[in-house]
Amino acid sequence: RHFSKNTIRGYKKDLMQFNEFLSKYDNSLNFLNIDKTAIQFYIQHCSKNKMTDKTLLRKVSTIKSLFRYLTQNELIDFNISKLIPSPKVAKKIPHYLSKKKIEELMSLPDLSTKKGLMHKSILEVFYSTGLRISELAEIKVRNLDLNKKILKILGKGDKERIVIIGQIASESIKNYLRVSKNSDNIYLYPSSNKMNSYISVSYIYKMVKKYLSKVSNNENLSPHALRHSFATHLLDNGADLLSVKDLLGHE
Numbered sequence: 006r007h008f009s010k011n012t013i014r015g016y017k018k019d020l021m022q023f024n025e026f027l028s029k030y031d032n033s034l035n036f037l038n039i040d041k042t043a044i045q046f047y048i049q050h051c052s053k054n055k056m057t058d059k060t061l062l063r064k065v066s067t068i069k070s071l072f073r074y075l076t077q078n079e080l081i082d083f084n085i086s087k088l089i090p091s092p093k094v095a096k097k098i099p100h101y102l103s104k105k106k107i108e109e110l111m112s113l114p115d116l117s118t119k120k121g122l123m124h125k126s127i128l129e130v131f132y133s134t135g136l137r138i139s140e141l142a143e144i145k146v147r148n149l150d151l152n153k154k155i156l157k158i159l160g161k162g163d164k165e166r167i168v169i170i171g172q173i174a175s176e177s178i179k180n181y182l183r184v185s186k187n188s189d190n191i192y193l194y195p196s197s198n199k200m201n202s203y204i205s206v207s208y209i210y211k212m213v214k215k216y217l218s219k220v221s222n223n224e225n226l227s228p229h230a231l232r233h234s235f236a237t238h239l240l241d242n243g244a245d246l247l248s249v250k251d252l253l254g255h256e
């Protein structure tokens with residue numbers, strides 16, 4: 006199966022943490038000889054560490070995938086993870102901003118500075134396209150056509166899609182590019198300390214989070230709220246659900 010780099014990184018981290026727990030629990034244990042009790046103790050351990058339902062579900066899913074693989078490749082006789090029920094996840098209503106709050110958000114960056122112009126373009130592109138934060142960070146200049154106002158994206162599972170850039174977002178990119186000194190870099194938002202690399206996801210996350218805190222007291226708002234706002238406002242304006250899912254890069 007085709008997974009994104011972030012998904013693979015997450016699975017790897019989950020398995021390493023599970024392995025570390027097994028070593029502390031009983032250093033004679035490994036993935037090939039444990040019983041369901043060890044997995045249950047690990048799930049309890051994760052729950053006590055106040056993990057979110059979503060994180061806990063992903064960790065259990067990772068363990069189930071591992072044991073499915075071990076069984077299919079005849080490395081173990083029985084898939085013990087089948088005896089472990091997946092935790093229930095409480096459904097949460099996605100957080101998003103009203104159109105008025107979006108306008109307020111977009112007015113915050115200081116357009117007299119290069120950093121402000123970059124921040125403004127990132128916010129506008131986020132809202133205009135509904136990109137994932139990792140997709141936005143990795144935008145390549147060659148995949149951007151400001152005349153046609155389209156952007157080619159390589160999303161989850163290395164699946165390519167074309168997204169439309171709005172007029173305001175397009176203008177904000179042009180304004181940013183006029184002052185950008187990294188015109189030779191292949192990325193639209195280059196790293197400030199690595200040659201031919203892109204801006205870090207953590208930088209974008211913290212930057213957007215800072216601006217969001219100025220327009221809302223909702224501490225749960227994250228950069229993902231702009232993606233939800235993009236989808237919600239499209240649906241409010243009459244777009245059909247399948248088209249919105251395609252734009253978001255969902256299956």
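Count along the sequence shown from 1, add 5, and you get the number used in the numbering used here.
Glycine residues also receive a C-beta, built at the ideal position from the N, C-alpha and C atoms.
With a threshold of 8 Å on Cβ separation, who are the neighbours of residue i within its own chain once the five nearest residues in sequence on each side are excluded?
i, result
"Y216", "L110, L113, P114, H124 and L128"
Hey, how far is the Cα of residue i from the Cα of residue j?
i, j, result
"L193", "K153", "17 Å"
"N180", "I107", "20 Å"
"I144", "S52", "37 Å"
"S103", "H229", "14 Å"
"N84", "S205", "39 Å"
"I173", "T57", "37 Å"
"R137", "D163", "13 Å"
"S185", "K119", "7 Å"
"S28", "M212", "39 Å"
"V220", "K105", "10 Å"
"I155", "S117", "27 Å"
"L61", "L37", "22 Å"
"E140", "G15", "17 Å"
"R232", "K93", "25 Å"
"S227", "K199", "26 Å"
"K55", "K87", "24 Å"
"S202", "I209", "14 Å"
"I191", "N24", "39 Å"
"N35", "L149", "48 Å"
"S197", "A142", "13 Å"
"L240", "V249", "8 Å"
"N242", "I81", "54 Å"
"K64", "T76", "19 Å"
"G254", "D31", "43 Å"
"N11", "G121", "28 Å"
Give the DSSP-derived three-state secondary structure of residue i in the structure shown.
i, result
"E165", "strand"
"D150", "strand"
"K157", "strand"
"K145", "strand"
"Y101", "coil"
"Y210", "helix"
"Y192", "strand"
Once the 5 residues before and after residue i are set aside, which same chain residues still bring their CB inside 7 Å of it?
i, result
"T237", "Y101"
"L252", "G135 and V168"
"L159", "E165"
"N78", "none"
"T67", "Y16, D19 and L20"
"Y132", "I107, L231, S234 and F235"
Return the chain-ordered list of same chain residues with a C-beta closer than 6 Å to the C-beta of residue i, the five sequence neighbours on each side being excluded.
i, result
"S126", "S177, I178 and Y181"
"L247", "none"
"S9", "K161"
With 8 Å as the threshold, decide whether the Cβ of residue i is near any Cβ in chain B.
i, result
"G121", "Considering every chain present, this structure includes no chain B. It has just one protein chain."
Whole runs of the beta strand (DSSP E) within the stretch 11–90, excluding any shorter than 3 residues: none
Residue ranges of each alpha helix (DSSP H) within the stretch 221–248, 4 or longer: 229–241
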